[in-house]
Each structure stands twice: as structure tokens, then as C-alpha cells.
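Note sheet for the following structure.
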Amino acid sequence: MGQVLNKLQGKEWRQRKIRKITDRAFDRLQNQSGKAKLTFEDLYISVLLVYNDINKRLPGPHFDPPTKDQVRELIKACDLNFDGEIDREEFYVFFKRLTSDTFGVVSQGLIITLVVAPTVALATKRATEGVPGVGKVVQRLPTSIYASLVTLAIVTFQQMGQE
């Protein structure tokens, strides 16, 4: 369980996810515009696309994209060569800053799920002792297997709820 938490919350995991999402969005916009750099309009469209991907693919609540004014301010901060356009590396830095809070919320949600679910499983295992039929089956299962099954069920229900 500790290895799973490290991978889910580790810096490398977040950076790989951000890089994958931003590269795909950058390539999509670059193919449409035919430019190596993105203007404000291209960048705002990419913000909407990335937030759409985040809301589809990552667990947690729905995240609203930033306003156009917030995007303009962030472009100023991330445009390292001051040319008014964003290249691939600046695009990555832009979205890393933009989504830092988002990934924190997602990571916290995963930790709560992976810590609370086994605790709930143990409590329900004890509660089923007196239930005819079900109690005997649950009591025969090893605690680790039962906790894993309940955790898997909770994660599945969370993912189904987000779709």
C-alpha cells in the first residue's frame, strides 16, 4: 500500500501526467495552427482542452478553468523569452503552475480513499458477524483480501460517479 501511495503522490508521477497532457494539447493545437509557438487565443483553447482532460481522466471534483485575465497574467510570468508567444517548454511550465493546486486536490482525494476504505472494510467486517449467511462468508475471508476488495469497490464507484 505504501508503494501505491508513493507512486500516486510522487513528484515524478505528477510531472509525467502533466507532461503527457500538455504535450498532447500542444501537438493538437500546433497541428491546427501550423506554428511552433502558441498565441493567447491558441493558449486559452489549450487551457480549456487540458481542463477537460483533467476532469475526464483524474479522480476528484470538477475543476473550472481559469478566466482569460488569469491566463494572460500567467502567460506574462511563463514567457521566458518575452516574445509574447509560448513554446513547448514554456507551455509545460505554464500548465505546471496552472494545475499545481488541481493535482494537490486529486492526490489528497486518493490518499483519503486508500486510507479510509480499508478502515471502513474492517469496521464492516465486524458488523457483518451477526448477519445470517453473509457473516459466515465474510468472516472466512482473510482481512487483507476483504479490505482490498472493499477498497477496489470504493475506487470503482468513485470512477463510475465521475463518468
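Under full-length UniProt numbering, the first residue of the sequence shown is numbered 1, with each subsequent residue one higher. We put the CB at the ideal spot given by N, CA and C, even for glycine.
I need the DSSP call for residue i, collapsed to helix, strand or coil.
i: L38; result: strand
i: L5; result: Legend: pLDDT at L5 = 48, less than 50; position of this residue unreliable, value from coordinates given subsequently. L5: helix per DSSP, three-state reduction.
i: V131; result: coil
i: P65; result: coil
i: D79; result: coil
i: T156; result: helix
i: L141; result: coil
i: V99; result: In the sequence under discussion, the amino acid at residue 99 is Thr, which differs from the Val named in the question. Here T99 sits in coil by DSSP.
What residues are listed by DSSP as bridge partners for residue i?
i: I86; result: L38
Would you check if the distance between the CB atom of residue i and the CB atom of residue j is smaller than 9 angstroms?
i: V134; j: T128; result: yes
i: L43; j: F82; result: no
i: L98; j: E90; result: no
i: I21; j: I45; result: no
i: L29; j: D87; result: no
i: Y92; j: D27; result: no
i: A147; j: P118; result: yes
Mind checking residue i: buried by the 16 CB within 10 Å criterion, or exposed?
i: V77; result: Correcting the residue type first, residue 77 is Ala in the shown sequence and not Val. Burial call: exposed.
i: A25; result: buried
i: V71; result: buried
i: L74; result: buried
i: F157; result: exposed
Assuming residue i and residue j form a contact by the criterion Cβ under 8 angstroms, report the distance between their Cβ atoms to the nearest whole angstrom.
i: residue 166; j: P66; result: Since the displayed the chain opens at 1 and closes at 163, residue 166 lies outside it and no answer follows.
i: V150; j: T124; result: 7 angstroms
i: I145; j: K96; result: Actually they do not touch by this definition, with Cβ atoms about 39 angstroms apart.
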